[in-house]
Amino acid sequence: MKHLLKMLDLSKDEIIEILNLADQLKYELKHNIPHKKLEGKSLGMIFQKASTRTRVSFETGMYQLGGNPLFLSANDLQIGRGEPVQDTARVLSRYLDGIMIRTFAQKEVEDLAEYGSIPIINGLTDFCHPCQVLADLMTVREFKQQFDGLKMCYIGDGNNMANSLIVGGLKVGMKVSVACPENYRPAKEVLDFANGNPDFFMTDKPIEAAVDADVIFTDVWTSMGQEAERAAREKAFAGYQVNDELLSAAHADCMVQHCLPAHREEEITEKVFEAHANEIFEEAENRLHAQKAVMVLTMAGN
Ligand code: CP
Ligand code: NVA
Numbered sequence: 012m013k014h015l016l017k018m019l020d021l022s023k024d025e026i027i028e029i030l031n032l033a034d035q036l037k038y039e040l041k042h043n044i045p046h047k048k049l050e051g052k053s054l055g056m057i058f059q060k061a062s063t064r065t066r067v068s069f070e071t072g073m074y075q076l077g078g079n080p081l082f083l084s085a086n087d088l089q090i091g092r093g094e095p096v097q098d099t100a101r102v103l104s105r106y107l108d109g110i111m112i113r114t115f116a117q118k119e120v121e122d123l124a125e126y127g128s129i130p131i132i133n134g135l136t137d138f139c140h141p142c143q144v145l146a147d148l149m150t151v152r153e154f155k156q157q158f159d160g161l162k163m164c165y166i167g168d169g170n171n172m173a174n175s176l177i178v179g180g181l182k183v184g185m186k187v188s189v190a191c192p193e194n195y196r197p198a199k200e201v202l203d204f205a206n207g208n209p210d211f212f213m214t215d216k217p218i219e220a221a222v223d224a225d226v227i228f229t230d231v232w233t234s235m236g237q238e239a240e241r242a243a244r245e246k247a248f249a250g251y252q253v254n255d256e257l258l259s260a261a262h263a264d265c266m267v268q269h270c271l272p273a274h275r276e277e278e279i280t281e282k283v284f285e286a287h288a289n290e291i292f293e294e295a296e297n298r299l300h301a302q303k304a305v306m307v308l309t310m311a312g313n
């Protein structure tokens, strides 16, 4: 695997390879088995948006792999003052062994990969969040042992999380149902990928999507960068909430997942969140293991 730019680029075999290595690295970490597979390598981490999990899990993960993580805030880089991404890519490729970037436009990530000569890892764009979804798939497999026959449901905004979950869920062989308001649907290229697949179902009614679900995902109504739309979004998403009523439509042992940060009593009730906190925080932990696998698979051989 050269880069991790979006889930659409990965084959099922590549996803399973990442998840298997992530499981192995998690085991090794828990058993104090050293796995310094990136000794002497440096990862630049460019952040144009806030982060808790992504920053800390990449930074710690790189350290555990024996490498050197560099936190690069866009506020401090020349990229924040308009230096073209094409130039940033060619310069950083001469110092670093890989770049993780969190930004707005997917094109910026794709441009880094095109103009640079080192692996690029997408740490979230407005279009997608592949690192999160790899951790999500890892968590589902950890709790349910397999993907075959499982139904994944997503409730809420057709945003970066929805875009990545739909693609990731279908690629590993799950049924995927999505409930979004009409004007907040997933991206066209994701629907082009999913439509026509008999395992994909989309509705604007959350209860319909939740029927017989084995795992329910949700995400914030207002993503980073959309703060000015908050009031309109609160109106549009009222009713798109993971609560006890919604869960009563799902299987009794249905998991609940949330990429975090969560807004209690908006997209998820406090009660459901706390009842499923164990699964949700395992999901957050798995960011570390899944991203270490991605870093090893993209950076170790170079
Ligand atoms: N889920 C996630 O990406 O969290 P951060 O925004 O804290 O990195
Ligand atoms: N959809 C959210 C995910 C945060 C991890 C956002 O983009 O802000």
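In our numbering, the protein residues as written are 12 to 313.
We put the beta carbon where it would ideally sit given N, CA and C, even for glycine.
Note that the structure is a prediction, hence the values are computed from the model and not measured.
### Query
Counting pairs of Cβ atoms below 8 Å between the segment 233-248 and the segment 17-37, do you hit three or more?
The segment 233-248 is not in contact with the segment 17-37.
### Task
Starting from Cys164, follow its DSSP beta bridges and name the residues at the other end.
Paired residues: Ser188 and Ile227.
### Query
Alpha carbon to alpha carbon, what distance is there between Ala301 and Lys41?
In a straight line, the C-alpha of Lys41 is about 14 Å away from that of Ala301.
### Message
Going by C-alpha to C-alpha distance, which of Val96, His14, Asp230 and Ala311 sits closest to Gln59?
### Response
Minimum Cα-Cα distance from Gln59 among the listed residues Val96, His14, Asp230 and Ala311 corresponds to Val96.
### Query
Which runs of the alpha helix (DSSP H) fall wholly inside the segment 65-153 and span at least 4 residues, in chain order?
With a minimum length of 4 residues, the unbroken runs of alpha helix (DSSP H) contained wholly in the segment 65-153 fall at 96-103 and 117-126.
#### Entry: Proximal residues to Cys191 (C-beta, below 6 Å), its chain only, five neighbours per side dropped
Only Gly169 meet the Cβ criterion.
### Query
With a Cβ-Cβ cutoff of 7 Å, do Asn174 and Leu15 count as a contact?
Contact: no.
### Message
In this structure, how does DSSP classify Thr280 when only helix, strand and coil are distinguished?
### Response
In this structure, Thr280 counts as coil in the three-state DSSP scheme.
### Task
Would you identify the three-state DSSP class for Leu271, choosing helix, strand or coil?
Coil.
### Task
Please indicate yes or no: does the CB of Asn171 lie closer than 6 Å to some heavy atom of ligand 2?
Yes, since a heavy atom of ligand 2 falls inside the 6 Å radius drawn around the Cβ of Asn171.
### Task
Return the CA-CA distance between Tyr38 and Ser84, expressed in angstroms with no decimal places.
Straight-line Cα distance between these residues: approximately 32 Å.
### Message
One question on the structure: do Ala288 and Ala261 come within less than 7 Å of each other, judged by their Cβ atoms?
### Response
Cβ atoms of Ala288 and Ala261: not closer than 7 Å.
### Task
Mark Ser259 as exposed unless 16 or more other C-beta atoms lie within 10 angstroms of its C-beta, in which case mark it buried.
Burial call: exposed.
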